[in-house]
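Numbering (this note's numbering), first residue to last: -9 to 346. We treat Cβ as the ideally placed atom computed from N, Cα and C, and that holds for glycine. First up is the structure itself, then whatever we jot down about it.
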Ligand SMILES: [Zn+2]
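This is how it looks when you write it as structure tokens:
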């Protein structure tokens, strides 16, 4: 069937505009003005994005299956203790889905590429908040439960998620309206200073992760004596932490393709490995949290901060709304040109109809 469909051709780095360039990836680029159909068809054609798409699209279904299982098997609506798990699993579905959509449709145009990745960044920062909500509910070591830090933890995590989305979006084009308007290429800081943009993005994702994990790092690496929650779950937490650091390392270093540019264009480049390690890390994180949730349930219900709407669902909703506002603000100058062109085309069309 697929052999009957003519797959779009792929290009080398010199044949596509700079905004589409990936560090040390020489070939396998899709057309920079692909149609939506071509983008979807590229899922079944080997390009330098194909495995980026699949490595997040398939895990979306795995996490969705986990989410549906929890919602169907547990009394979610009556039992507020399970709300953080539901929020976390929802964030685990959203971030790979947003990423696979971003990688699929990012070759429609330079503007579409920026907007796609704004959503990707928003989803990642929502996942960081999902992690904070679930850590607050089930992972905090006994010693820190109900402490001042525990009480401030979720409000700070919400602020971090918002700052993170802002920083990551800013790293692409600068500030909307002030630093870029319609002529986006001229005001494109990534072209002028790609290292600064990359650094900004690494910090945007690393610092909420490091903040969220303070209670876990303390529990598994520093805590000694009583109240450290030293249980069998720790080994799963170690796996998750090791994979998370490997994920960050791959994102920041662009290894292995930097050692041999052009050799890993289609299979084995750092972004694919970054996706795979990120998903494996999330898998171990989920397993560890599920185990903590079951083994510590009665103790936590007795001693910990009660799980309310405001420190679970409310915080998540606030983050979603603010993130969407940020994404819209960063996208608006890009969309306004598009809208203006569409209106002009429509006017021209109506004029032609009127003349006829
Ligand atoms: Zn990606």
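Contact check, residue i vs residue j, beta carbons under 9 Å
{"i": "residue 198", "j": "residue 119", "result": "yes"}
{"i": "residue 272", "j": "residue 49", "result": "yes"}
{"i": "residue 129", "j": "residue 282", "result": "yes"}
{"i": "residue 136", "j": "residue 302", "result": "no"}
{"i": "residue 348", "j": "residue 127", "result": "Examination of residue 348 is not possible in this model, given that the chain is present from -9 through 346 alone."}
{"i": "residue 104", "j": "residue 324", "result": "yes"}
{"i": "residue 166", "j": "residue 19", "result": "no"}
{"i": "residue 153", "j": "residue 305", "result": "no"}
{"i": "residue 16", "j": "residue 255", "result": "yes"}
{"i": "residue 205", "j": "residue 117", "result": "no"}
{"i": "residue 317", "j": "residue 109", "result": "yes"}
{"i": "residue 97", "j": "residue 28", "result": "yes"}
{"i": "residue 211", "j": "residue 150", "result": "no"}
{"i": "residue 261", "j": "residue 241", "result": "yes"}
{"i": "residue 265", "j": "residue 45", "result": "yes"}
{"i": "residue 298", "j": "residue 221", "result": "no"}
{"i": "residue 148", "j": "residue 308", "result": "yes"}
{"i": "residue 230", "j": "residue 13", "result": "no"}
{"i": "residue 25", "j": "residue 78", "result": "no"}
{"i": "residue 138", "j": "residue 86", "result": "no"}
Member of the options whose CA lies at the smallest distance from the CA of residue i
{"i": "residue 132", "options": "56, 216, 200", "result": "216"}
{"i": "residue 59", "options": "80, 68, 129", "result": "80"}
{"i": "residue 223", "options": "317, 277, 155", "result": "277"}
{"i": "residue 41", "options": "55, 111, 263", "result": "263"}
{"i": "residue 191", "options": "159, 123, 229, 287", "result": "159"}
{"i": "residue -2", "options": "239, 117, 22", "result": "22"}
{"i": "residue 232", "options": "213, 257, 27, 203", "result": "203"}
{"i": "residue 51", "options": "83, 31, 37, 34", "result": "83"}
{"i": "residue 296", "options": "11, 3, 69, 313", "result": "69"}
{"i": "residue 88", "options": "337, 78, 138, 106", "result": "106"}
{"i": "residue 194", "options": "258, 287, 155, 227", "result": "155"}
{"i": "residue 32", "options": "0, 334, 4, 225", "result": "0"}
{"i": "residue 7", "options": "101, 34, 47", "result": "101"}
{"i": "residue 225", "options": "134, 279, 322, 253", "result": "279"}
{"i": "residue 287", "options": "4, 219, 311, 335", "result": "219"}
{"i": "residue 168", "options": "290, 322, 333", "result": "322"}
{"i": "residue 4", "options": "171, 268, 252, 183", "result": "252"}
{"i": "residue 258", "options": "-4, 39, 54", "result": "39"}
{"i": "residue 186", "options": "157, 214, 343", "result": "157"}
{"i": "residue 268", "options": "35, 170, 196, 188", "result": "196"}
{"i": "residue 53", "options": "270, 312, 329, 310", "result": "270"}
{"i": "residue 214", "options": "329, 134, 171", "result": "134"}
{"i": "residue 30", "options": "-4, 300, 11, 56", "result": "-4"}
Paired residues, beta bridge with residue i - DSSP
{"i": "residue 1", "result": "19"}
{"i": "residue 339", "result": "None; residue 339 has no bridge partner."}
Touching or not, the segment 131 to 146 and the segment 92 to 104, by the rule of three or more beta carbon pairs under 8 Å? no
Can you find at least 3 beta carbon pairs, one from the segment 60 to 67 and one from the segment 108 to 115, that sit closer than 8 Å? no
Just list the alpha helix (DSSP H) runs in the segment 50 to 97, keeping only unbroken ones of 4 residues or longer that don't cross its boundaries, in chain order. 73 to 95
Where in the segment 136 to 172 do unbroken runs of the alpha helix (DSSP H), each at least 4 residues long, occur, reported from the N-terminal end onward? 138 to 163
Contact the segment 152 to 168 vs the segment 227 to 240: 3+ CB pairs below 8 Å: no
Going residue by residue through the segment 218 to 305, where are the continuous alpha helix (DSSP H) segments of at least 4 residues, counting only ones entirely within it? 224 to 243, 260 to 293
Kindly provide the ranges of any alpha helix (DSSP H) runs that are 4 or more residues long and lie completely inside the segment 184 to 216, ordered along the chain. As far as the segment 184 to 216 is concerned, its whole alpha helix (DSSP H) runs of at least 4 residues are 184 to 202, 204 to 207.
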